[in-house]
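Using this note's numbering, you'd call the opening residue of the sequence shown number 23 and step up by one each time. Written out below as structure tokens is the structure these notes cover.
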Amino acid sequence: MKNEFNMKIIVIGVIVIMSILEIGSLFLFKEINEDKHFDMDEINEIQVNMTSEAVHIIRTEESNEVKFHYYGKSMQNIKLASEINNKVIAVAGKRQHEGPIPEDMFLDIYIPEKYGENLSINLLSGDVKMDSFDLASFIYSNRSGKLETEKISANNISMNTYSGNINIKKIDAKELEIKSLSAAINMEWCTTKKARIQNSSGSIILKNSSGNFDLKGKSGKVMVDYKEFENQNINIETLSGSVILELPKTAEFFIEAETSSGKFQTDFPIKMAEDTDKRNIRGEVGGKNNKVSIKTSSGSMKILKK
């Protein structure tokens, strides 16, 4: 009985101490609230270099200013550092100490909708949410934070992520390049002249697509849905990841498909070449110059009619 009583006293003591420490830590957190404004006419590139902050990029209608609102709580002093050089504005969170010091920080960026220049975002783990923007170029790098955006339109779009998911409702680019290790890449509308996407174990889902695609993965699923297929080529390579390609029922194309042990299925009537077998498929659907090339080791391959 005495031991049980002593144990209860110890447990209660630990709970009390932890509660005191938790309440005390609230007083150690510093409130951060900082604004910076810049004339849009003096900027042709915005560079954002942060760590774990949640970044929200907001489109404004009646404004000629680019505004940065940096706020949150931290157990150390943090400031928003900024520098303008040759019409390039660069912002970053400047900390007293580097390391795992508790904080909960946010950066809201207000950009006029008529801004059509360059935007570059570089983070370690913070999530990014964006409104719709028409830009000259968009560069995005994030190790593990996710990206969610309505629409991105630009001549050149480059994205690099380790495991942070990419969810884009609509993307329109002359050239698109995405490199990832294990992220889930999802686009509801994807229009491009030329796209290169590499994703090792994560999935690639492109809907309502148009353009020439070079897609490479290992174990992740690859699914591409073309809204039209005229004067376009697509190349897909995986190891064990399944491949699903959906084309308009009127699509005409030359097909090359290779697999070691995966299954091949199609809704289209393929006129097979003489040297075709179940592992190496070559043939034509109609007489157009479009080309479909799929190569996988053990993943299944499906070419379906929409």
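We put the beta carbon where it would ideally sit given N, CA and C, even for glycine.
Can you name the start and end residues of the beta strand (DSSP E) that Leu267 belongs to?
265–269
Distance, Cα to Cα, Glu280 vs Leu146?
38 Å
Phe51 to Gln118, Cα distance in whole Å?
14 Å
Rounded C-alpha distance that separates Ile331 from Lys249:
In the structure as shown, the chain begins at 23 and stops at 328. Residue 331 is therefore absent and cannot be evaluated.
Leaving out five residues on either side along the sequence, give the residues of the same chain with a beta carbon under 6 Å from the beta carbon of Gln220.
Lys201, Lys238
CB Val88 to CB Ile143, shorter than 8 Å?
no
Can you give me the start and stop residues for the beta strand (DSSP E) that Phe128 sits inside?
125–134
Below 8 Å between beta carbons: does that hold for Ile266 and Leu169?
no
Just verifying my parser: in three-state terms, what is the DSSP assignment at Ile316?
strand
Which term fits Val36, buried or exposed, when burial requires 16 or more other beta carbons within 10 angstroms of its beta carbon?
With a pLDDT of 48 at Val36, under the threshold of 50, the predicted position of this residue should be treated as unreliable, and no value is reported.
From the DSSP output, in three-state form, read off Lys324 for me.
strand
Helix, strand or coil for Asp63? Go by DSSP, reduced to three states.
helix
Hey, could you find the ends of the beta strand (DSSP E) Gly305 is sitting in?
302–307
Between the beta-carbon of Glu67 and the beta-carbon of Lys109, is there less than 8 Å?
yes
Reference Tyr93, options Lys58, Ile179, Met62, closest by Cα
Lys58
Under 7 Å Cβ to Cβ from Ala205, same chain only, skipping five residues before and after it: list those, please.
Thr183, Ser185, Gly186, Asn187, Ile188, Asn221, Gly224
Residues that DSSP places opposite Thr272 in a beta bridge
Answer by DSSP bridge pairing: none, since Thr272 is not bridged.
I need the straight-line Cα distance from Lys173 to Met294, nearest angstrom please.
41 Å
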